[in-house]
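Take a look at the structure below.
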C-alpha cells in the first residue's frame with residue numbers, strides 16, 4: 004500500500020500475509036554503505052541513493068516497515084558475501 008502507482012509491485016495489489024527470506028538483503032542503504040556484494044544494491048536499483056532516491060525509497064525493505072506481514076529471515080553463518 005505504500006508503493007506509488009506505477010512502481011514495480013504496486014499493481015495489482017496483493018495482500019502479503021507472510022514471507023520467508025533466504026539470505027535476504029533487508030537494509031539496502033546499509034548494504035550500499037558497506038559495499039556488500041561489490042555494489043550489488045546499486046546495480047539492482049540502477050544507481051546510488053542520491054542518483055535515484057525514488058527507487059531506493061520504494062525498494063528498501065527496512066524503509067517500508069512495518070508491513071503488517073509476518074517475516075522469517077534465514078541466514079547462514081558462513082555467508083561472507
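Numbering (this note's numbering), first residue to last: 4 to 84. Glycine included, C-beta positions come from ideal geometry on N, C-alpha and C.
- Any idea what DSSP makes of residue 17, helix, strand or coil? Stepping through the chain shown from its first residue, residue 17 is reached at position 14. It is coil, neither helix nor strand.
- Item | For residue 55, the three-state DSSP class (helix, strand or coil) | Translated into the one-based positions of the chain shown, residue 55 becomes position 52. Here residue 55 sits in coil by DSSP.
- Item | Terminal residues of the beta strand (DSSP E) in which residue 73 lies | For this step, residue 73 is matched to residue 70 along the chain shown. Where residue 73 is concerned, the enclosing beta strand (DSSP E) stretches over 73–77.
- Residue range of the alpha helix (DSSP H) that includes residue 43: As a first step, residue 43 must be located in the chain shown, where it is residue number 40. Per DSSP, residue 43 belongs to the alpha helix (DSSP H) from 43–48.
- Can you tell me which of the three DSSP states residue 62 falls into? Start at 1 with the first residue of the chain shown, and residue 62 comes out as number 59. Residue 62 falls in the helix class under three-state DSSP.
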